[in-house]
Amino acid sequence: MLRMTGIGKSFLGVRVLGGVDLEVSAGEVHAVVGENGAGKSTLMKILAGVHAPDEGTIEIDGRSVTFGHPVEAQRAGVAIIYQELTLLPERTVAENVFLGREPVRRGMVDRAAMESATGELLKSLGEESFGPRDLVRRLSVARQQVVEIAKALSLNARIVVMDEPTAPLADHEVELLYTLVRRLTARGIAVLYVSHRLREIFDLADRITVLKDGARVTTAEASSLDTAALVRLMVGRELDSYYPPRAAGPPGEVILSVRGGGNTRLHGIDLDLRAGEIVGVAGLQGSGRTELAKALFGAEPFTTGEMTPRRPRSVREGIAAGIGLVTEDRKAEGILPNQRVRDNALLVARATGAPRNGIERLLERVRLSPPRPAQEIRLLSGGNQQKVVLAKWMSVAPRVLLFDEPTRGVDVGAKAAIHDLMRELARDGMAVLMISSELPELIGMSDRIVVLREGRVAGELPAGSSEEAVMRLAAAS
Amino acid sequence: MRRALPIFVVLAGLLVAIAIVNPYFLEPPAFLAFVKRAAPLVILAAGQYFVIVSGEFDLSVGSLVTAEVVIAARLIDGSAEATWPVLALMIAFGLIVGLVNGIVTTLLRVPSFITTLGMLLILSGAVFLWTGGSPRGALSEQFRQLGRGSLGPVPWSVLILAAVAAAAVCAMRAGFGHTLVAAGDNDRAAALSGVRVARVRTVAFMISGLSAAVAAILLGGFAGVSAQVGKGLEFQAITAVVLGGVALGGGRGSVAAAMAGAFTLEALFTLLNLYGISGALEPAVQGVIIIAAVALGAVRFPRARAAAAS
Chain A
38 MLRMTGIGKS
48 FLGVRVLGGV
58 DLEVSAGEVH
68 AVVGENGAGK
78 STLMKILAGV
88 HAPDEGTIEI
98 DGRSVTFGHP
108 VEAQRAGVAI
118 IYQELTLLPE
128 RTVAENVFLG
138 REPVRRGMVD
148 RAAMESATGE
158 LLKSLGEESF
168 GPRDLVRRLS
178 VARQQVVEIA
188 KALSLNARIV
198 VMDEPTAPLA
208 DHEVELLYTL
218 VRRLTARGIA
228 VLYVSHRLRE
238 IFDLADRITV
248 LKDGARVTTA
258 EASSLDTAAL
268 VRLMVGRELD
278 SYYPPRAAGP
288 PGEVILSVRG
298 GGNTRLHGID
308 LDLRAGEIVG
318 VAGLQGSGRT
328 ELAKALFGAE
338 PFTTGEMTPR
348 RPRSVREGIA
358 AGIGLVTEDR
368 KAEGILPNQR
378 VRDNALLVAR
388 ATGAPRNGIE
398 RLLERVRLSP
408 PRPAQEIRLL
418 SGGNQQKVVL
428 AKWMSVAPRV
438 LLFDEPTRGV
448 DVGAKAAIHD
458 LMRELARDGM
468 AVLMISSELP
478 ELIGMSDRIV
488 VLREGRVAGE
498 LPAGSSEEAV
508 MRLAAAS
Chain B
2 MRRALPIFVV
12 LAGLLVAIAI
22 VNPYFLEPPA
32 FLAFVKRAAP
42 LVILAAGQYF
52 VIVSGEFDLS
62 VGSLVTAEVV
72 IAARLIDGSA
82 EATWPVLALM
92 IAFGLIVGLV
102 NGIVTTLLRV
112 PSFITTLGML
122 LILSGAVFLW
132 TGGSPRGALS
142 EQFRQLGRGS
152 LGPVPWSVLI
162 LAAVAAAAVC
172 AMRAGFGHTL
182 VAAGDNDRAA
192 ALSGVRVARV
202 RTVAFMISGL
212 SAAVAAILLG
222 GFAGVSAQVG
232 KGLEFQAITA
242 VVLGGVALGG
252 GRGSVAAAMA
262 GAFTLEALFT
272 LLNLYGISGA
282 LEPAVQGVII
292 IAAVALGAVR
302 FPRARAAAAS
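Chains A and B are the protein sequences, given in the same order.
The first sequence maps to residues 38 to 514 in our numbering.
The second sequence maps to residues 2 to 311 in our numbering.
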């Protein structure tokens, strides 16, 4: 149904795609995978008409097409659902679905027609929890995705591109998305699925196209691959020891301790962090994982309970107490996008007036490659940005470092490097806390796992517990 | 510095263009006279830069300049002894106005556009009320020397400008400057890295108020006392900063480029004047420049970002 041949694209003289072929059949879920910077997003944006390719052709149903504008791609039946949703929050579902092409009757928007058509679409997607008149703002991210898909269907989309659709979803919402994808393919719609999460890819995809460094490595039946084989294709090497070895001896002294810590989101938190130990924090979305990290750090402080060192009431008190936080949302809370690597890495030291280490040593320590302190951080890959964020904290040598989803949006190679660094920091006597919604990562890295549920500690599990055991604690009611 | 380069090229081009029409322009006396004339705007642009790079605006500086000059004339009333205390008072008044702007913006969370627009109206209304439209009193000769006189061949205002420029560049190189830019680039990330965002922004407003006080001292001497002395200066200063390639919204651009932007604006006005184009056109030229500069910045930015994202 869709055939892209020899697609090439350069930005500012840097070649990001070259000679990429992609074929997709009707009713197929076709996954596109690759490390960050492999060219997935660019390829999808070319398909959606956001970028024009420098070379290559696109055919839909055997007819050659060129898209000068996203609207042309839309007319040709291509819909793209971005990671960041593009709905208008203050409008109703129906208004969003028909945005820009509202049905008109006697010069007025025909709301009744719009709403009944939207209602039909939602019903066909099996969605009954909300209706066409609900405000988009009031819907969860998962439901908003349903609206995006309804919009795509109303445009008679035949190819739906989903770019990291599960990234903003809570774990239990992922299942809903699966159902939705299957409904689409049952109608003969082709779904192009871009994701970092390998498990989803094996759950959903019929075929998988692997991109690496802007070129296609292969397209293969999903059933012919397993995780290890796919990772090998993506990074071009075997990552059999995914995680660094755990601490050898028993953990050291308690560096941070909370008893009965609470605020509006957390209740009765008891927690000890020891030198040399990586403590994993698991929990469903909304269980208070991020809130716990921010409370320990002082950004959203505990209002009750005892803590050693003294309960920080502000970020600066947290930093002064030797605590650092690598935030979950790197773009919004972690980096200064327009500043150089150097200014990002020295920010905490400058803000607190701490003596600074040499920037070169710092970047070497986090294995930033290439280590260019004068480069603007926004030009770096997600993995390299995260390494700079890490350098920012290492410049003040904290005793406790809290990591909130440290490898989200980070490619496989940089992920391993960050894992190694975390283990290294622990070995050097730091207390490390790590939040991750990727259970294999959490289990692979942690010396013990604290499970949160509804703002409380639901229990603690030893190293190497099963995913099932973690989920049981996290989801028990 | 890479990003700041274009403005220096434009400035050099304009200076050459002026020199072609008026060959004496690049000789020391004429050139120093040009710098002297530009000094108040350059100082205001430097002050405005601190506020803009931190992600805010200061629209109050024009009427602050007027208020400062009018108050000084009334308090000094031609008396030599009163000169120095009143100068100190002017500095303090500028700092206090900046402090109020800063506190209202950061602690009460009123957008700075509104805060400083309100301050503009309050100050100009107060001046009008106090003077009834025509300022009373006079500046002393000592006071006017700062704007008019010189130390040997070099005007005092050029020396003051040099000191202000050096101080501004040093402040931006120090930890304060880096945290200020950080707050302008991404205030959440900055706050979570220990930057006291409200405090650095308030200090930026105080620097802007201080720069208005210094500009008022020079302008009072140079141009004399009137209720129009600071009129429109806030927009000239913002235009100059934007012309220097400093991003509105904060986080990008250098103070040297902002000051070069002010020189460029002044050079452009000089050139228009040389060609006999009416001074009445100045606001229109300024309007075109500010829109064009922001549009250019906006066009460049997404392209670079698209390349980064791929």
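C-beta: ideal position from N, C-alpha, C; glycine also.
Model, not experiment: these values are computed from the prediction.
Item                                                                                                                                                                                                 : Value
List the residues of chain A whose Cβ lies closer than 8 Å to the Cβ of B/G246, in chain order.                                                                                                      : Under the 8 Å cutoff, chain A gives no residues; its nearest Cβ is about 12 Å from B/G246.
Identify, in the order they occur along the chain, each residue of the same chain with its Cβ nearer than 7 Å to the Cβ of B/S227, setting aside the five sequence neighbours on each side.          : P136
Just curious, the alpha helix (DSSP H) that B/R189 is in, first and last residue?                                                                                                                    : D188 to L193
Taking only runs of the beta strand (DSSP E) that begin and end inside the segment 329-410 of chain A, which ones reach a length of at least 3 residues, in chain order?                             : 341-345 and 360-363
Over what stretch of residues does the alpha helix (DSSP H) that includes B/I19 continue unbroken?                                                                                                   : L6 to V22
What residue does the alpha helix (DSSP H) around B/A89 start on, and which one ends it?                                                                                                             : T84 to T107
Quick one: list the residues of chain B neighbouring A/P374, beta-carbon separation under 7 Å, in chain order.                                                                                       : D186 and N187
If contact is defined by three or more beta carbon pairs under 8 Å, each pair taking one atom from either stretch, is the segment 188-199 of chain A in contact with the segment 302-321 of chain A? : no
Put B/G225 into one of helix, strand or coil per three-state DSSP.                                                                                                                                   : coil
Rounded to whole angstroms, what's the CA-CA distance from B/A34 to B/G99? Just pull it up for me.                                                                                                   : 30 Å
Please identify, using Cβ separations under 8 Å, the residues of the segment 56-67 of chain B that lie next to chain A, in order along the chain.                                                    : none
Using a Cβ cut-off of 7 Å, pull out every chain B residue sitting near A/T389, in sequence order please.                                                                                             : G195
What residues in its chain sit with their C-beta under 6 Å from that of A/D277, if we drop five residues either side in the sequence?                                                                : Residue placement at A/D277 cannot be trusted, given a pLDDT of 43 that sits under 50; the coordinates are not used to answer.
Label A/R253 either buried or exposed according to how many other C-beta atoms from any shown protein chain fall within 10 Å of its C-beta, with 16 as the threshold for buried.                     : buried
Do you know how far the Cα of A/G305 is from the Cα of A/A330?                                                                                                                                       : 15 Å
Below 7 Å CB to CB, which residues in the same chain sit around A/L162 once its five sequence neighbours on both sides are set aside?                                                                : V183, I186, A187, L217 and R220
Would you say the segment 376-384 of chain A touches the segment 158-167 of chain B, given that touching needs at least three Cβ pairs under 8 Å?                                                    : no
If we call anything under 8 Å between Cβ atoms a contact, is B/A217 one with B/S141?                                                                                                                 : no
Taking contact to mean 3 or more Cβ pairs, one atom from each stretch, closer than 8 Å, check whether the segment 338-347 of chain A and the segment 489-498 of chain A are in contact.              : no
Mind checking whether B/E57 and B/A213 have CB atoms under 8 Å apart?                                                                                                                                : no
Using three-state DSSP, classify A/S483 as helix, strand or coil.                                                                                                                                    : coil
Would you say A/Q422 and A/R387 are within 8 Å of each other, going by their C-beta atoms?                                                                                                           : no
Return the bridge partner residues of A/E92 from the DSSP annotation.                                                                                                                                : A/G45
Taking the C-alpha atoms as reference points, what is the distance between A/I292 and B/A172?                                                                                                        : 38 Å
Using C-beta distances below 7 Å, list every residue in its chain close to B/Y50, excluding the 5 sequence neighbours before and after it, in chain order.                                           : V242, V247, V256 and A259
Between the segment 189-196 of chain B and the segment 354-372 of chain A, can you find at least three pairs of beta-carbon atoms closer than 8 Å?                                                   : yes
Determine the extent of the beta strand (DSSP E) in which A/T155 is found, giving its start and end residues.                                                                                        : Per DSSP, A/T155 belongs to no beta strand (DSSP E); it is in the alpha helix (DSSP H), R148 to S161.
Just the C-alpha distance for A/D147 and A/E139, rounded to the nearest angstrom, thanks.                                                                                                            : 7 Å
Please report the straight-line C-alpha distance between B/V66 and A/I356, rounded to a whole angstrom.                                                                                              : 41 Å
Is it buried or exposed for A/P407, if we count other Cβ within 10 angstroms and need 16 for buried?                                                                                                 : exposed
Tell me, please, whether the CB atom of B/T180 is closer than 8 Å to any CB atom in chain A?                                                                                                         : yes
Could you name the residues that DSSP lists as bridge partners for A/T216?                                                                                                                           : A/T216 is not bridged to any residue.
Comparing the C-beta of A/D380 with each C-beta of chain B, is any distance below 8 Å?                                                                                                               : yes
Using 8 Å as the threshold, is the C-beta distance between A/L206 and A/A227 below it?                                                                                                               : no
Taking the alpha-carbon positions, what's the B/F129 to B/V230 distance?                                                                                                                             : 13 Å
Taking contact to mean at least 3 C-beta pairs separated by less than 8 Å, is the segment 127-145 of chain A in contact with the segment 81-97 of chain A?                                           : no
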